[in-house]
Each structure stands twice: as structure tokens, then as C-alpha cells.
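Chemist: The structure is given below, and queries will be raised subsequently.
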Amino acid sequence: MTNAMDFNALFEFLEDLQNNNHKEWMDIHRKRYQNLRSSFVNWLDTLDEKLATIDVNYYPTPGKKGINRINNNLLFHPNKPVYKDHFGAGLDQRTKQGDFYIEIGLSQCLLAGGYWRPDNKILTSIREAIDYNGEELEKILDKKSFKDTFGGILLDPNKLKTTPKGYSSDHRYIDLLRYRTFAVVHPLTKNDVLEENFMDRVIDVYKEMLPFRRYFNEAVTV
């Protein structure tokens, strides 16, 4: 249940892990990790059930399915530490790219959603949706409560400086069409996570993000 998740203990474990980031330490403290992971999974299960009552199109995602591995992928990133400095999970996982993401960690805590570096097929579908009805996306992004929650900006470190193929430079929505990632983030502090009403805040952010995520999920499924 919600009260079973001790986020303070989670932060303390992550701090200890980052000071001892190797398999030998983890093996000794694996039970401590497994207990925290189990509590986080239970917390995610409760959140999953609540979100399912809010959104008729919600795709149930049990905590065990949503939670990410704590190990870094050293095969592709050999210079990273063995273990991550956070617990992360993706809910509403009808598609892996468009889920509702939760990250609780030392370097950052956040809630995020959207499409992060989608493949060419999905990117093409998104751009076609913007070309057809970019006005709806603009309204979502310009809504005051949306701006207050997410800063009113899309995250994209690799936004095109040129014009995407098939679109003119004077297209009404050319600025949106140049994006290659369509995601928003709501940053959190450690104190936010430790608040008793933290789950309520997560739900409020989910609700605010929902029209944004629906726009893109419909774009890639229609």
C-alpha cells in the first residue's frame, strides 16, 4: 500500500550505493535492495490502480512490469557506473516510448512523458499529425496550467536547425515540425517526494500531461 513506501529509506540506500558502486557491496546488501524494490513496486501498483480510474484509455501496467533495472547497461555504456543512482518506472505502457515515467534519484527526481527520440516511422506519423492539426498541440502547450507544470516547452537536445524533408520553411507549424523528441518533464525535489501527499501530486501531474500524451499516442496509432 502507499504508506509502505519509505522514500527516505530509498534515498539513503541510493546514497550508500553510489558510495559503494560495485557488485560486491550490492551482493552484501541485496536483501535491503530487494525490500525497497518490493515496496516501490507495491507503491507503483497502487498508483497504477488509481490512474486506471482516471483515464478510460489507460493501459494497466503492474509495478513489476513498469519498474526499470537498477543496473546500467555496460555493454553499450562501459564507462557508466555499475548501478544507477535512481529508481525509475514507466506506467501506461501501451507503447514503450509514450509511457508516463517516474524517476526518484539522487541527481534528479522527475515525472515525464511523451516520445523520446522515436524511430522514423513514429516521427513521420507525429509530423503528419502536426501538419494536419498543429493548432490543437499549440493550445495544449499554451495552456497556463500546462506551462506552470512543465514550463511550457518540449525537451529536445537534437532539434533540427533546418527544415524536415517534405515541409516548407514557412509552414505554419515549422517550429514544432523541427522537433525530433516530443516530451515534457515536471521536476521534483527530494522534499516533494517525501511529502505525505506525494502520490496525489503525481496524479495531478498525470492529469495535466494527459491531453499532451493523448495527442501523440493518437498520432502514432491512427
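14 is the number of the first residue of the sequence shown in our numbering; add one for each residue after it. Where a beta carbon is used, it is the ideal one built from N, C-alpha and C, also for glycine.
For my contact list, Val197 and Leu60 are in at a C-beta cut-off of 8 Å; report their separation, rounded to the angstrom.
Modeler: Indexing the sequence shown from 1 puts residue 197 at position 184. Indexing the sequence shown from 1 puts residue 60 at position 47. So it is not a contact: roughly 19 Å between Cβ atoms.
Chemist: Where does Gly164 land, buried or exposed, given buried means 16+ other C-beta within 10 angstroms?
Modeler: As a working mapping, residue 164 is identified with position 151 in the sequence shown. Gly164 should be labelled exposed.
Chemist: Which residues mark the beginning and the end of the alpha helix (DSSP H) in which Leu60 is found?
Modeler: Looking up residue 60 in the sequence shown gives position 47. Segment 43-67, the alpha helix (DSSP H) holding Leu60.
Chemist: When the Cα atoms are used, what is the spatial distance from Gln31 to Asn146?
Modeler: As a working note, residue 31 is residue 18 in the sequence shown. As a working note, residue 146 is residue 133 in the sequence shown. Cα-Cα distance, rounded: 46 Å.
Chemist: Alpha carbon to alpha carbon, how far is Leu190 from Val54? Give it in angstroms, no decimals.
Modeler: Reading the sequence shown from its first residue, position 41 is the one you call residue 54. Reading the sequence shown from its first residue, position 177 is the one you call residue 190. Answer to the nearest angstrom: the Cα atoms are 37 Å apart.
Chemist: Given a cut-off of 8 Å, decide if Arg140 and Pro177 are closer than it, judged by their beta-carbon atoms.
Modeler: Here residue 177 refers to the residue found at position 164 of the sequence shown. Here residue 140 refers to the residue found at position 127 of the sequence shown. Yes, the pair counts as a contact, with Cβ atoms nearer than the cut-off.
Chemist: Spatial neighbours of Thr108 within its chain, please: CB distance less than 8 Å, with the 5 preceding and 5 following residues excluded, ordered by chain position.
Modeler: On the sequence shown, residue 108 is found 95 positions in, with the first residue counted as 1. Within the same chain, Thr108 has close Cβ partners Asn230, Val233.
Chemist: Go ahead and label Glu221 buried or exposed: buried means 16 or more other beta carbons lie within 10 angstroms of its beta carbon, across all protein chains shown.
Modeler: Taking the sequence shown and counting its residues from 1, the one referred to as residue 221 is at position 208. So Glu221 ends up on the buried side.
Chemist: How many whole angstroms separate the CB atoms of Pro200 and Leu123, which I take to be in contact at a CB cut-off of 8 Å?
Modeler: On the sequence shown, position 187 is the one that residue 200 refers to. On the sequence shown, position 110 is the one that residue 123 refers to. Sure, about 5 Å apart at Cβ, within 8 Å.
Chemist: In whole angstroms, what separates the C-alpha of Ala22 from that of Leu49?
Modeler: Walking along the sequence shown from the start, residue 22 turns up at place 9. Walking along the sequence shown from the start, residue 49 turns up at place 36. Cα to Cα, the separation comes out at about 8 Å.
Chemist: When you compare only the Cα positions, how much space is there between Asp144 and Thr137?
Modeler: Position 131 of the sequence shown, counted from the start, is the residue given in the question as residue 144. Position 124 of the sequence shown, counted from the start, is the residue given in the question as residue 137. Their Cα atoms are separated by approximately 10 Å.
Chemist: Terminal residues of the continuous alpha helix (DSSP H) containing Asn79?
Modeler: Here residue 79 refers to the residue found at position 66 when the sequence shown is read from its first residue. Sequence inspection shows Gly at residue 79; the Asn mentioned does not correspond to that position. Looking at the DSSP string, the run of the alpha helix (DSSP H) that includes Gly79 is 76-79.
Chemist: Per DSSP, what are the beta-bridge partners of Glu116 in this structure?
Modeler: Here residue 116 refers to the residue found at position 103 when the sequence shown is read from its first residue. BP columns for Glu116 point to Gly101, Leu123.
Chemist: Given Thr15, which residues of its chain have a CB within under 7 Å of its CB, disregarding the five upstream and five downstream residues?
Modeler: On the sequence shown, residue 15 is found 2 positions in, with the first residue counted as 1. For Thr15, the predicted structure reports a pLDDT of 41, less than 50, and the residue's modelled location is therefore unreliable. A value from the coordinates is still provided. Cβ within range, chain order: Trp56, Thr59, Met212.
Chemist: Please classify Arg43 as buried or exposed, where buried requires at least 16 neighbouring CB atoms within 10 angstroms.
Modeler: Within the sequence shown, the letter at position 30 stands for residue 43. Answer is exposed; the Cβ neighbour count stays below 16.
Chemist: Taking all protein chains shown into account, decide if Asp105 is buried (16 or more other Cβ within 10 angstroms of its Cβ) or exposed.
Modeler: Locating residue 105 in the sequence shown gives position 92, counting from the first residue. It counts as buried.
Chemist: Would you identify the three-state DSSP class for Pro91, choosing helix, strand or coil?
Modeler: Indexing the sequence shown from 1 puts residue 91 at position 78. Reduced to three states, the DSSP call for Pro91 is coil.
Chemist: So Tyr114 and Phe195 are supposed to be a Cβ contact under 8 Å. How far apart are they, rounded?
Modeler: The sequence position of residue 114 within the sequence shown is 101, counting from 1. The sequence position of residue 195 within the sequence shown is 182, counting from 1. With a Cβ gap of about 14 Å, Tyr114 and Phe195 do not count as contacting.
Chemist: Less than 8 Å separating the beta-carbons of Ile83 and Lys97?
Modeler: For the purposes of this step, residue 83 is taken as the residue at position 70 of the sequence shown. For the purposes of this step, residue 97 is taken as the residue at position 84 of the sequence shown. Yes, the Cβ-Cβ distance between Ile83 and Lys97 is below 8 Å.
Chemist: For Leu27, which of helix, strand or coil comes out of DSSP?
Modeler: In the sequence shown, counting from the first residue as 1, residue 27 sits at position 14. If DSSP states are grouped into helix, strand and coil, Leu27 belongs with the helices.
Chemist: Between which residues of its own chain and Leu64 is the CB-CB distance below 8 Å, once the five residues before and five after are set aside?
Modeler: Within the sequence shown, residue 64 is the residue found at index 51, counting from 1. The answer, listed in chain order, is Tyr71, Leu104, Asp105, Phe113, Ile216, Tyr219.
Chemist: Run through DSSP, which three-state label would Asn230 get?
Modeler: Here residue 230 is taken as the residue at index 217 of the sequence shown, counted from 1. Three-state result, Asn230: helix.
Chemist: Just confirm the distance between the C-beta atoms of Glu149 and Tyr228, as a whole number of angstroms; I'd bet it's less than 8 Å.
Modeler: The residue you call residue 149 lines up with position 136 of the sequence shown. The residue you call residue 228 lines up with position 215 of the sequence shown. Correct: roughly 6 Å between the Cβ atoms.
Chemist: What are the residues that DSSP puts in a beta bridge with His184?
Modeler: Here the question's residue 184 lines up with position 171 in the sequence shown. None, per the DSSP bridge assignment.
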